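Residue numbers (the working numbering), protein chains in the order written: chain A, 84 to 433; chain B, 31 to 471.
As structure tokens, this is what we get:
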């Protein structure tokens, strides 16, 4: 009985292609038959399982700067070789290489060819197509080549066979930020005590939920002067006209609304209410200026400390809102505010 | 058997293998017989109560219990100071956790009532002041994932004078259930227990060579939403308002020192019981339970409670702590701040928690703090609509016949007949009773 070996197309950079180091980073993308560099190691160590039938080589700068052309060439290569699997890298901690590997991997997937790549977990290439590709974590330097290739082939075989791919911790790939429900083999309390005993005794343990720190956002530069500025007011406190005519959800909300405040000097009791379910709203309902400080901002306007206030305030309920929706609503609000020539926003969160 | 030379709490367990309605209330041969008439009399001793419906639910039945305010395991003190479930409902506040306590296992006395814990002034607001686990299925995934689906329930749907202040309504119905607890649990007094287990006073019985480990239980106080110091909710010796950290002996928890809203889960807390087991096996010193309140209003208050907690644990020479919490949203800031403070003081922590749903770009925790390096995940947390495991339709509903459920982002609370299918599992596992978890893909 013959086991069909998996036909692999391999993507590598100029260094692993034996062309040169940084000075060859602009090497144009090219395709060669058979294996090159680490591809030879793949063929040798995994000869029963895989065969590298073609290799794409590109300089790290070249791929990133000529991305449209490079992607075109990759698609042509995929079409020519019709591989069962695409392998990109390992890129270790080489950032431009990692980004290119991500791109190539994503491209292969997009035309139905399974792919695996590998790089160091801090490589920026782990961010670009995070949810859509499989990345085997590697060492920072080339010392971990053999481990990386092992991980790549192990997962690659499963992908080729269309086996069900289990959780990241079991299959050895970097978690992609996708969480799915399931059952573990011991009850939560027992797992917690066991984890604590390991942690206290400096025995390695694996957290069931890795912490992901939020994206660092670079704030807009500060206003040079306020006296001529137009200020917009935004609240995530769920403040709406009494009766909630647009039925803003108390949280989480995927919608936001605009309400006219052009003729008002203050937010008056009885005219507005907060529908936010995440805090004690009685105080706000007695004096809505607490979460939309219109009375104070009008004073600044009267005194000439700010130029003017935008005629509408924007409102949503910021309780349990999915991050993707927050990002979208933020973009939508920013677009509206910019169209209205608003210079700066006071946003009261709760 | 006299174990009172060694200080601690002897728990005597009386199994309840079956429960049925009868002419007279009795307990013998592991069979609990309940006289509806006697139960109604006990409950209606308080004139604020209009009436009660008594019913029974058993594991495996196609039954859903709704509007649950508390489930109480029948317990009673046989020897030693104080009264079980101390402080709550004006009960004796004497410190508990010593002597002998009887418990009936396999059963809960379940309080059903649609009375809210708080009322907000915004007519359009859907905040309701209910408990997360306010419905129980006796079969299907709801039963599989919850300890409540595996015990029998004596359900008491109590109707109270609704002209009273909410606090009075709540405490009237809860006291009624405590009267039933005292009556039923005392049926075990002259009987030989099925099992016995001794829980040492861990502050007096410990090994100097072992590490000191604490359990930090973080609990929502109803004070924030209700603006009342006596609002109904989880009480520590009956105190539900915002208070500074309490240092409790683990045996106090076994006598119900923390009770009011999920009392059964606290006296059967698997984290507590596992830490006791490790202590008895000589692997750790289960030093103490720190009970902290959450949903303080100001960040400085949250920082204060966190700092005091880590200072106490450092002074008690604790090397590690398990942290649990019981709420959602802003309450998490107390948890994250406490963990940060502990880790910075050299106290290693493990957090047991449900997850925010990260389907759309977000982190698994509301406040992703780097110091929370060890987490046990009990699955989808307070944003329950993301858990796409349906609770199938049922044949019988005990309690109000309509449910309000949160059906997802941007949707108002929807009313559905309680008999129908509920599209997503309405359950949170705060203390790690189940195998439920989430995995990274």
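We put the CB at the ideal spot given by N, CA and C, even for glycine. In this text, all values refer to a predicted model and were calculated from it rather than measured experimentally.
Please identify the residue among 206/A, 315/A, 201/A and 374/A whose C-alpha is closest to the C-alpha of residue 233/A. Among 206/A, 315/A, 201/A and 374/A, the Cα nearest to that of residue 233/A is on 201/A.
Tell me which residues share the same chain as residue 453/B and place their Cβ nearer than 6 Å to its Cβ, disregarding the 5 neighbours each side in the sequence. 420
Measure the Cβ-Cβ separation of residue 137/B and residue 181/B and say whether it is below 8 Å. yes
Output needed for residue 358/B: all residues of its chain with C-beta closer than 6 Å, excluding positions within five of it in sequence on either side, in chain order. 412
Pick helix, strand or coil for residue 262/A, following the three-state DSSP scheme. DSSP places residue 262/A in strand when its eight states are reduced to three.
Less than 8 Å between C-beta atoms, sequence neighbours within five positions excluded: which residues of the same chain meet that for residue 289/A? 252
When you compare the CB of residue 311/A with every CB in chain D, is at least one pair closer than 8 Å? Among the chains of the structure shown, chain D does not appear; the protein chains present are A and B.
For residue 510/B, I'd like the list of residues in its chain whose CB is within less than 6 Å of its CB, leaving aside the five on either flank, ordered along the chain. Only positions 31 to 471 of chain B appear in this structure, which leaves residue 510/B out of reach.
Suppose the cutoff is 7 Å on Cβ atoms and the five residues either side in sequence are ignored; what does the same chain contact list for residue 231/A look like? 173, 201, 219 and 221
The segment 128–146 of chain A in contact with the segment 86–98 of chain A per 3-pair CB rule at 8 Å: Yes: at least three Cβ pairs fall under 8 Å.
Neighbour list for residue 336/A in chain B, Cβ cutoff strictly below 8 Å: Contact of residue 336/A with chain B by beta-carbon distance below 8 Å involves 439 and 440.
Assign residue 162/B to one of three DSSP states: helix, strand, or coil. With a pLDDT of 46 at residue 162/B, under the threshold of 50, the predicted position of this residue should be treated as unreliable, and no value is reported.
Considering Cα atoms alone, identify which of 335/A, 379/A, 425/A and 328/A is closest to residue 415/B. Looking at the Cα atoms, 335/A is the closest of the given residues.
Check the Cβ-Cβ distances between residue 255/A and every residue of chain B, and say whether any is below 8 Å. no
Quick check on DSSP: helix, strand or coil for residue 472/B? Look at the range of chain B in this structure, 31 to 471, and you will see that residue 472/B is not part of it.
When you compare only the Cα positions, how much space is there between residue 161/B and residue 99/B? Residue placement at residue 161/B is poorly supported in this model, since its pLDDT is 47, which falls under 50; the coordinates still yield a value, given next. The alpha-carbon atoms of residue 161/B and residue 99/B are separated by roughly 7 Å.
For residue 184/A, which residues in the same chain have their Cβ closer than 7 Å to its Cβ, ignoring the five residues on either side in sequence? Around residue 184/A: 94, 171, 172, 174, 200, 202 and 208.
Considering residue 356/A, what are the terminal residues of the beta strand (DSSP E) in which it resides? 355–357
In or out: residue 378/B buried (at least 16 other Cβ within 10 Å) or exposed? Buried, because 16 or more other Cβ atoms sit within 10 Å of the Cβ of residue 378/B.
Excluding sequence positions up to five away, which residues of its chain have a Cβ less than 6 Å from the Cβ of residue 366/B? Around residue 366/B: 397 and 399.
Please find out if some non-hydrogen atom of the ligand SAM comes closer than 7 Å to the beta-carbon of residue 299/B. Summarising the ligand content, the structure contains no ligands, and the ligand SAM is consequently not present.
Per DSSP, residue 427/B is paired with what? 94/B
Ends of the beta strand (DSSP E) at residue 215/A? Run containing residue 215/A: none; DSSP gives neither H nor E here.
Contacts that residue 462/B makes with chain A (C-beta to C-beta distance below 8 Å): 270, 271, 272, 273, 274 and 275
Which residue from 74/B, 236/B and 80/B puts its Cα closest to that of residue 193/B? The option with the nearest alpha carbon to residue 193/B is 80/B.
Alpha-carbon spacing of residue 403/A relative to residue 386/B, whole angstroms: Distance from the CA atom of residue 403/A to the CA atom of residue 386/B, rounded to whole angstroms, is 8 Å.
I need the DSSP call for residue 242/B, collapsed to helix, strand or coil. For residue 242/B, the secondary structure class from DSSP, reduced to helix, strand or coil, is strand.
Reference residue 353/A, options 327/A, 331/A and 332/A, closest by Cα: 327/A
Going by C-alpha distance, which of 364/A, 344/A, 342/A and 349/A is nearest residue 320/A? 364/A
So which of 150/A, 259/A, 124/A and 164/A has the shortest CA-CA distance to residue 115/A? With distances taken between Cα atoms, residue 115/A lies closest to 164/A.
Using DSSP with H/G/I as helix, E/B as strand and the rest coil, what is residue 97/A? coil
Looking at the structure shown, is residue 440/B part of a helix, part of a strand, or coil, going by DSSP? Of the three classes helix, strand and coil, the one that applies to residue 440/B here is coil, per DSSP.
Per DSSP, residue 79/B forms a beta bridge with which residues? 190/B
What is the rounded straight-line gap between the Cα of residue 225/B and the Cα of residue 189/B? 37 Å
In whole angstroms, what is the alpha-carbon distance linking residue 215/A and residue 231/B? 54 Å
Does the CB of residue 292/A have a neighbour CB from chain B at under 8 Å? yes
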